[in-house]
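Enquirer: Numbering (the working numbering), first residue to last: 466 to 811.
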Ligand code: SF4
């Protein structure tokens with residue numbers, strides 16, 4: 466085991482942001498795990514360590530995946546439709562969902578002994594060369610890269626690239642404000658289900674669901690937001706649970722914010738069968754009935770409920786197929802039949 470001094474010298478180790486001294490330990494204020502980390506100890510996420518009384522991250526620039534992908538894969542359906550984003554992540558997560566579809570990345574241990582720090586400008590240039598509209602920090606929980614993302618977003622914003630997160634939304638409003646100040650433009654928030662699901666399955670110890678507050682606060686700050694809900698078989702693929710998701714969506718997000726109802730597939734430590742199409746189609750109708758104007762099905766390639774229909778007259782406006790997009794809208798993103806203005810950022 467390395468001693469503290471040698472760890473501090475490694476290229477992906479950097480002073481952490483947003484923490485306070487509490488007794489002889491450091492209280493991390495980035496996410497709602499709220500870890501109290503004694504000297505020489507690590508946080509729940511395994512990316513924060515207390516070295517000599519100061520909290521540090523060990524994943525500063527430790528990028529384990531980086532490639533250009535369609536925005537529709539995030540999914541963002543109302544944010545630069547048809548474009549692509551340089552999509553990147555670091556290792557680990559601040560939850561432990563047994564069905565995690567990206568578990569090889571989210572359960573990967575940070576590796577400060579081997580990791581190299583990727584230059585921010587290299588990511589920005591790669592995005593420009595690929596013709597991407599911006600960057601998306603995704604696959605694992607992006608707030609675990611808070612320190613690096615602050616610099617990366619400033620660098621990207623200066624080159625007119627959009628900066629986005631796909632997140633579980635379990636971070637504090639302090640962290641949200643820091644990211645917004647650094648230039649974050651859009652956020653996709655994954656809602657896991659009821660408070661019981663967070664506590665019993667994701668190891669996220671909180672009485673209410675902070676992710677909904679992240680949705681509301683982000684919208685109030687002018688960020689573009691979309692919500693994703695993974696309908697996990699045997700857990701939250703029941704009508705009562707989904708109706709509650711819709712009720713909260715209307716309360717915290719509102720009618721215009723897209724709700725992606727995504728099919729679960731067996732992965733990692735959860736082996737129930739994939740979500741039934743019958744439930745997904747029922748959920749789409751229930752979301753509409755609740756007043757959500759733009760529900761979408763996800764992980765059901767080619768399904769008609771992946772498309773955007775005009776809430777005014779029902780016309781097909783955006784047809785999606787395997788992440789390609791056919792558009793039937795006016796130049797200013799209105800329905801050609803009834804003139805309804807589609808709420809998209811582009
Ligand atoms: S980011 Fe969250 S999980 Fe990690 S140390 Fe801070 S409070 Fe704990």
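Glycine included, every Cβ here is placed at the ideal spot set by N, Cα and C.
Would you kindly report the start and end of the unbroken alpha helix (DSSP H) that includes residue 618?
Expert: From DSSP, the alpha helix (DSSP H) with residue 618 extends over 611-623.
Enquirer: Would you say residue 444 and residue 540 are within 8 Å of each other, going by their C-beta atoms?
Expert: Because the chain here runs from 466 to 811, residue 444 falls outside it and cannot be looked at.
Enquirer: What separation, rounded to the nearest whole angstrom, lies between the Cα atoms of residue 783 and residue 715?
Expert: Between residue 783 and residue 715, the C-alpha separation is close to 23 Å.
Enquirer: Could you pull the DSSP bridge partners for residue 608 from this structure?
Expert: Paired residue(s): none; residue 608 is not in a bridge.
Enquirer: Excluding the five sequence neighbours on either side, which residues of its own chain have a C-beta within less than 7 Å of the C-beta of residue 586, listed in chain order?
Expert: 620, listed in sequence order.
Enquirer: Could you give the distance in angstroms between the alpha-carbon of residue 739 and the alpha-carbon of residue 791?
Expert: Between residue 739 and residue 791, the C-alpha separation is close to 28 Å.
Enquirer: Confirm the yes/no value for this check: CB of residue 503, any heavy atom of the ligand SF4, distance under 7 Å.
Expert: No, the beta carbon of residue 503 sits no closer than 7 Å to any heavy atom of the ligand SF4.
Enquirer: First and last residue of the alpha helix (DSSP H) that includes residue 750?
Expert: Residue 750 -> alpha helix (DSSP H) spans 742-754.
Enquirer: In this structure, does DSSP put residue 543 in helix, strand or coil?
Expert: Reduced to three states, the DSSP call for residue 543 is coil.
Enquirer: Indicate, with yes or no, if the ligand SF4 has a heavy atom lying under 7 Å from the CB of residue 516.
Expert: Not under cutoff, so the answer is no.
Enquirer: Determine the contact status of residue 634 and residue 605, defining contact as a CB-CB distance below 8 Å.
Expert: No, Cβ-Cβ distance for residue 634 and residue 605 is not below 8 Å.
Enquirer: Determine the extent of the alpha helix (DSSP H) in which residue 706 is found, giving its start and end residues.
Expert: Start and end: 704-713.
Enquirer: Do residue 598 and residue 548 have their CB atoms nearer than 8 Å?
Expert: Yes, they are a contact pair.
Enquirer: Near residue 577, what residues of its chain come up, given a Cβ to Cβ distance below 7 Å and the 5 sequence neighbours on each side ignored?
Expert: So the qualifying residues of the chain are 472, 475, 477, 478 and 523.
Enquirer: What does the Cβ neighbour count give for residue 596, buried or exposed, with the cut at 16 atoms within 10 Å?
Expert: Classification of residue 596: exposed, given that the 10 Å Cβ count is below 16.
Enquirer: Starting from residue 684 and walking both ways along the beta strand (DSSP E), at which residues does that stretch end?
Expert: Segment 675-685 is the alpha helix (DSSP H) holding residue 684; no beta strand (DSSP E) there.
Enquirer: Taking C-alpha atoms, which residue in 787, 734, 564 and 745 lies nearest to residue 724?
Expert: Ranking the options by Cα distance to residue 724, first place goes to 745.
Enquirer: In three-state DSSP terms, what is residue 580?
Expert: Here residue 580 sits in coil by DSSP.
Enquirer: Residues in its own chain within less than 8 Å of residue 482 by CB, not counting five upstream and five downstream?
Expert: Only 495, 611, 612, 615 and 643 meet the Cβ criterion.
Enquirer: Hey, is residue 633 close to the ligand SF4, as in C-beta under 7 Å from one of its heavy atoms?
Expert: Residue 633 Cβ: outside cutoff for every heavy atom of the ligand SF4.
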